[in-house]
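Notes to accompany the following structure.
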Amino acid sequence: MWMSSSFPVANTSLKLTKKFRRLTIWIIVLVFCFIFYFALDPRWRKECLFFPSHDNPTCYPKIPAKFALPRAADDPEFWFLERFESCPKTSENPVILVKSAFNSSSVRYMWRDYAKKINHQVRFLVGKNYRSDGKLKEFIGETTADIIFGSFNDTYQNLPKKTASAYEYVNKCFSNFPDQEVLLIDDDTFYYPEVKRVPNMINCGFSKLKRTLPVLSGKWLLDETEWPNANMFPTYCSGACYSAPASIFMKIHEKEQSLRRPELTLEDLLYVGIYRELAEIEEPVLNHMCKHLRGDLGKLRDMIEYKTKLL
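Below, the structure is given as structure tokens:
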């Protein structure tokens, strides 16, 4: 009798233990969310609740550190663009500038094949890469005719400098061809060439972020000379894909030379937001000529293969 009566008690105890674990997990999650929410400036909380986008720079906790960063404008001879072999020919189709990692040769081969089949010209933006002995790596078995080399290390943190090298390249190659359309794109983003673009405008390829409250501290902090509006960041495109005529790239580049802050992590905000607004260029328009695959290169390959079969 005693043994048989102990089983219901054990089962009840086990159920209570499972419920307690679930309750504990939910309490931990709620406490974390509560702490994260109140780590934000009070002005940001409402917007983050209604617009919880990972692309929204408002939705980050305050960072107390303030960074003193050198400005490239202090050295008028400084360039982010180090060397390139050729400029593209002018064309009715956009010239594609792909932000590429040094070691991503297989992705560059995909893009070369795709660009050829859709009758576009393509160039690849890369930085420097070093071997373990400190010597520079070289491309082996891959052409460099379409490579644009930057003067910086090829790291994710240097993405703003890679973007700066793209603007310098456009300024050097298309100063006499201001109407040439240029598409700046990440290498993990698919491009639909048939989608119509609004002429003489910045076209956001898949994401347009309207005015958001600025982060007021840390590495996103901007002073009055860089962005005088202390209340809102300007509208900008996601940096993964946008296009514009070379004339707009050159106007932004001109403004960038006087107010250069390439260390700002959000390079899309910097170039097609802040520099664009300070250069008095119209707000960008949104179309859907791109699909950002967020690192899924297998899916990129599949989409390219499917698209080229339809051509």
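Per the UniProt record's numbering, residue 1 is the first one in the sequence shown, and the count goes up by one each step.
All C-beta atoms, glycine included, are put in the ideal place defined by N, C-alpha and C.
Quick caveat: nothing in here was measured; it's all calculated off a predicted structure.
Could you tell me the alpha carbon to alpha carbon distance between residue i and residue j, rounded to whole angstroms?
{"i": "Phe-84", "j": "Phe-149", "result": "6 Å"}
{"i": "Arg-211", "j": "Glu-305", "result": "37 Å"}
{"i": "Phe-32", "j": "Thr-24", "result": "12 Å"}
{"i": "Thr-155", "j": "Glu-194", "result": "32 Å"}
{"i": "Ile-291", "j": "Leu-136", "result": "Note that residue 291 is Lys in the sequence shown here, rather than Ile. If you take the alpha carbons of Lys-291 and Leu-136, they lie about 34 Å apart."}
{"i": "His-288", "j": "Tyr-236", "result": "15 Å"}
{"i": "Val-170", "j": "Ala-246", "result": "6 Å"}
{"i": "Val-285", "j": "Phe-152", "result": "31 Å"}
{"i": "Met-303", "j": "Ile-140", "result": "28 Å"}
{"i": "Asp-146", "j": "Ala-115", "result": "12 Å"}
{"i": "Glu-142", "j": "Gly-298", "result": "21 Å"}
{"i": "Thr-265", "j": "Thr-17", "result": "46 Å"}
{"i": "Asn-176", "j": "Lys-128", "result": "29 Å"}
{"i": "Arg-21", "j": "Ile-28", "result": "11 Å"}
{"i": "Pro-178", "j": "Glu-256", "result": "18 Å"}
{"i": "Arg-197", "j": "Lys-162", "result": "24 Å"}
{"i": "Ala-101", "j": "Trp-26", "result": "40 Å"}
{"i": "Ala-240", "j": "Pro-160", "result": "12 Å"}
{"i": "Asn-158", "j": "Leu-30", "result": "35 Å"}
{"i": "Pro-234", "j": "Lys-172", "result": "27 Å"}
{"i": "Glu-254", "j": "Ile-202", "result": "16 Å"}
{"i": "Leu-311", "j": "Ile-248", "result": "31 Å"}
Tell me residue i's beta-bridge partners as DSSP assigns them.
{"i": "Glu-181", "result": "Pro-245"}
{"i": "Gly-121", "result": "According to the sequence provided, residue 121 is Gln. The question's Gly does not apply to it. Per DSSP, Val-95."}
{"i": "Leu-136", "result": "Tyr-130"}
{"i": "Ile-27", "result": "Note: Ile-27 sits in no beta bridge, so no partner."}
{"i": "residue 312", "result": "Missing from the structure shown is residue 312; the chain here goes from 1 to 311 and no further."}
{"i": "Asn-203", "result": "Ser-243, Val-285"}
{"i": "Phe-84", "result": "Ile-148"}
{"i": "Cys-33", "result": "Answer is none; Cys-33 lacks a bridge partner."}
{"i": "Lys-291", "result": "Phe-190"}
Does the beta-carbon of residue i have 16 or more other beta-carbons within 10 angstroms, so that it is buried, or is it exposed?
{"i": "Met-250", "result": "buried"}
{"i": "Phe-67", "result": "Confidence at Phe-67 is low in this model, with a pLDDT of 33, below 50, so the placement of that residue is unreliable and no value is reported for it."}
{"i": "Glu-138", "result": "exposed"}
{"i": "Met-232", "result": "exposed"}
{"i": "Asp-133", "result": "exposed"}
{"i": "Pro-199", "result": "exposed"}
{"i": "Phe-174", "result": "buried"}
{"i": "Glu-283", "result": "buried"}
{"i": "Asn-119", "result": "exposed"}
{"i": "Leu-300", "result": "buried"}
{"i": "Ser-91", "result": "exposed"}
{"i": "Tyr-191", "result": "buried"}
{"i": "Glu-181", "result": "buried"}
Near residue i, what residues of its chain come up, given a Cβ to Cβ distance below 6 Å and the 5 sequence neighbours on each side ignored?
{"i": "Thr-308", "result": "Lys-117"}
{"i": "Arg-45", "result": "Caution applies to Arg-45, whose pLDDT of 45 falls short of 50 and renders its modelled position unreliable; the value that the coordinates give is listed next. The answer is none, since no qualifying residue turns up."}
{"i": "Leu-183", "result": "Pro-94, Ile-96, Ser-243"}
{"i": "Asn-103", "result": "none"}
{"i": "Trp-227", "result": "Ile-274"}
{"i": "Asp-113", "result": "none"}
{"i": "Cys-87", "result": "Cys-173"}
Please list, in chain order, all residues of the same chain as residue i whose beta carbon is under 8 Å from its beta carbon, the five residues on each side excluded.
{"i": "Thr-98", "result": "Sequence inspection shows Val at residue 98; the Thr mentioned does not correspond to that position. Hits under 8 Å: Arg-108, Trp-111, Val-122, Arg-123, Phe-124, Leu-125, Ile-185, Asp-186, Asp-187."}
{"i": "Lys-89", "result": "Gln-121"}
{"i": "Ser-238", "result": "Asp-55, Cys-204, Gly-205, Phe-206, Ser-207, Lys-208, Leu-209, Asp-268, His-292"}
{"i": "Arg-294", "result": "Asp-188"}
{"i": "Ile-252", "result": "Tyr-167, Tyr-271, Val-272, Tyr-275, Arg-276, Ala-279, Ile-281"}
{"i": "Asp-296", "result": "Asp-188"}
{"i": "Tyr-130", "result": "Leu-136, Lys-137, Asn-153"}
{"i": "Thr-144", "result": "Glu-85"}
How about residue i: is its C-beta nearer than 9 Å to some C-beta of chain D?
{"i": "Glu-82", "result": "Protein chains in the displayed structure number just one, and chain D is not present."}
I'd like the list of long-range same chain contacts for residue i, defined as Cβ closer than 7 Å, with 5 residues on each side in sequence excluded.
{"i": "Glu-82", "result": "Phe-149, Gly-150, Ser-151"}
{"i": "Ser-105", "result": "Glu-142"}
So within the region 150-198, which uninterrupted beta strand (DSSP E) runs reach at least 3 residues, ignoring any that extend past its ends? With a minimum length of 3 residues, the continuous beta strand (DSSP E) runs that stay inside the region 150-198 are 181-186, 189-191.
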